[in-house]
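Trainee: Each number in the numbering used here comes from the position in the sequence shown (counting from 1) with 342 added on. Just so you know, even glycine gets a beta-carbon here, dropped at the ideal spot from N, CA and C. Computed from a predicted model, the values in this text were never measured in an experiment. Provided herewith is a single structure, encoded as structure tokens, for subsequent inquiry.
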Amino acid sequence: MPRHTYSPPLLLRNGHLNTIVGGRLRRVPPPAYVRERIDTPDGDFLDLDWAYANGEHARARHAVIIGHGLEGNSDKPYIRGMVRALTGAGHDVVAWNFRGCSGEPNRQVHFYHSGATDDLHTVLQHVRTLYDHAALVGFSMGGNKVLKYLGEQGRACLADGAVAFSVPCDLTTSSEVIERRENRIYLKRFMRSMRDKIAEKAALFPGHLDTDGLEKIESFREFDDRFTAPMHGFRDALDYWDKASCIHVLDDIRRPALLINAQDDSFLSPTCTPETSNEWLEVDTPRFGGHIGFVTRRGPYYTERRTLDFLARLWDGNEPVAHRSVEKHSQGEEVWQSRPITSM
343 MPRHTYSPPL LLRNGHLNTI VGGRLRRVPP PAYVRERIDT PDGDFLDLDW
393 AYANGEHARA RHAVIIGHGL EGNSDKPYIR GMVRALTGAG HDVVAWNFRG
443 CSGEPNRQVH FYHSGATDDL HTVLQHVRTL YDHAALVGFS MGGNKVLKYL
493 GEQGRACLAD GAVAFSVPCD LTTSSEVIER RENRIYLKRF MRSMRDKIAE
543 KAALFPGHLD TDGLEKIESF REFDDRFTAP MHGFRDALDY WDKASCIHVL
593 DDIRRPALLI NAQDDSFLSP TCTPETSNEW LEVDTPRFGG HIGFVTRRGP
643 YYTERRTLDF LARLWDGNEP VAHRSVEKHS QGEEVWQSRP ITSM
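Listed below in structure tokens is the structure:
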């Protein structure tokens, strides 16, 4: 496959089919996860599912933290596929389940949201006590969290670099796009899962959540206005979407990062694939791929191949590229000197 290109099977040159085949029809054996529960500073917990390249007691030098998408978890096919590819390449991996997504309700009334990077920081702090180096991989909402974290942290970032796929960098416009008729099948699934989660929370915390009319909520705008925003300290849905979007901090990223958004991704608006002059951030826009699809005829999916190539560049030799391949602008600004990604 030519470098920097993605060529799907002929029948999958349709964003919806690529999305469905990659996300719903793919079959990947479950990794041999080892679950670890860590505490958060606010008295909650996070469940981390570890997969080791050479066994739990023979740790690799590098660890990769993977973040899933909205209402996902560590058992989604795209997570399993990435875990298999990374462990096969010699990396230890931790699939981070967002609060309330690991099969057990979290302890707080609130759970997760698109811009909550504090939990990612907690996970990274923990991983860096065990490994010399760590990188991030994020899908969809998880990708927004990853890129937002990199931008917020700048040079203080605990990760060496990150790859993000199918990212709604602008949550305001992507929330409008998901409500289009062609996306209703996806929206209904999201809403059903999110309504169930609120109903479960209401039962666990009587009197804290008003679920009257919950079953009638059918849009992100309604749901986030009613629940997500007030639960997490935002004024309303628009305030939440604006403040949670990574698009505002992409120019502040100071670690090597790769963003890949397909042009036929029906979940994303044009503003979700921003133009940036930040030389630390590489943005790639394949013509095909759908939303977390990127199905290939055989072998690892395109997402997995690109991630492996990125990590090979990042960790070429014994020292991360982020710490080694740096030059100075005349103004003193550090720039990551990217090298061509190897062919697929």
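#1: Does DSSP put Asp626 in a helix, in a strand, or in coil?
#2: When the Cα of Ala544 is compared with those of Thr471, His452, Arg522, which residue comes out closest?
#3: Count the other C-beta atoms from every protein chain shown that fall within 10 angstroms of the C-beta of Ala586, then say buried if there are 16 or more, exposed otherwise.
#4: Taking DSSP as the reference, what is the three-state secondary structure of Trp438?
#5: Comparing C-alpha positions only, which one of Pro383, Pro371, His433, Phe387 sits nearest to Ala400?
#6: CB-CB under 8 angstroms to Leu546, same chain, minus the five flanking residues each way: which ones, in chain order?
#7: Taking just the CA atoms, how far does Ala504 sit from His410?
#8: For Asp651, report the span of its alpha helix (DSSP H) as first-last.
#9: Once the 5 residues before and after Arg368 are set aside, which same chain residues still bring their CB inside 6 angstroms of it?
#10: Could you tell me the boundaries of the beta strand (DSSP E) in which Ala604 lies?
#11: Using the rule of at least 16 other Cβ atoms within 10 Å of the residue's Cβ for burial, across every protein chain shown, is Ala604 buried or exposed?
#12: Tell me whether Pro350 sits in a helix, a strand or coil according to DSSP, three-state version.
#13: Residue range of the beta strand (DSSP E) that Val376 falls in?
#14: Contact between the region 351-371 and the region 412-430 is defined here as three or more beta-carbon pairs at a separation below 8 angstroms; is this criterion met?
#15: Do you know offhand how far Ala579's Cα is from Thr515's?
#16: Output the distance between the C-alpha atoms of His633 and Thr471, rounded to the nearest integer angstrom.
#17: Could you spell out where the beta strand (DSSP E) holding Gly409 opens and where it closes?
#18: Is the beta carbon of Leu600 less than 8 angstroms from the beta carbon of Asp626?
Mentor: Quick answer:
#1: Strand.
#2: Sorting Thr471, His452, Arg522 by C-alpha distance to the C-alpha of Ala544 places His452 at the top.
#3: That one is buried.
#4: If DSSP states are grouped into helix, strand and coil, Trp438 belongs with the strands.
#5: Ranked by Cα distance from Ala400, the options Pro383, Pro371, His433, Phe387 are led by His433.
#6: Contacts found: Pro447.
#7: Cα-Cα distance, rounded: 14 angstroms.
#8: Start and end: 644-656.
#9: Result list for Arg368: Pro419, in chain order.
#10: For Ala604, no beta strand (DSSP E) segment is defined, and its DSSP state is neither H nor E.
#11: Classification of Ala604: buried, given that the 10 Å Cβ count is 16 or more.
#12: The three-state secondary structure of Pro350, taken from DSSP, is coil.
#13: Start and end: 376-381.
#14: These segments touch.
#15: If you take the alpha carbons of Ala579 and Thr515, they lie about 12 angstroms apart.
#16: Approximately 34 angstroms, taken between the alpha carbons.
#17: Where Gly409 is concerned, the enclosing beta strand (DSSP E) stretches over 404-409.
#18: For Leu600 and Asp626, yes; Cβs fall inside 8 angstroms.
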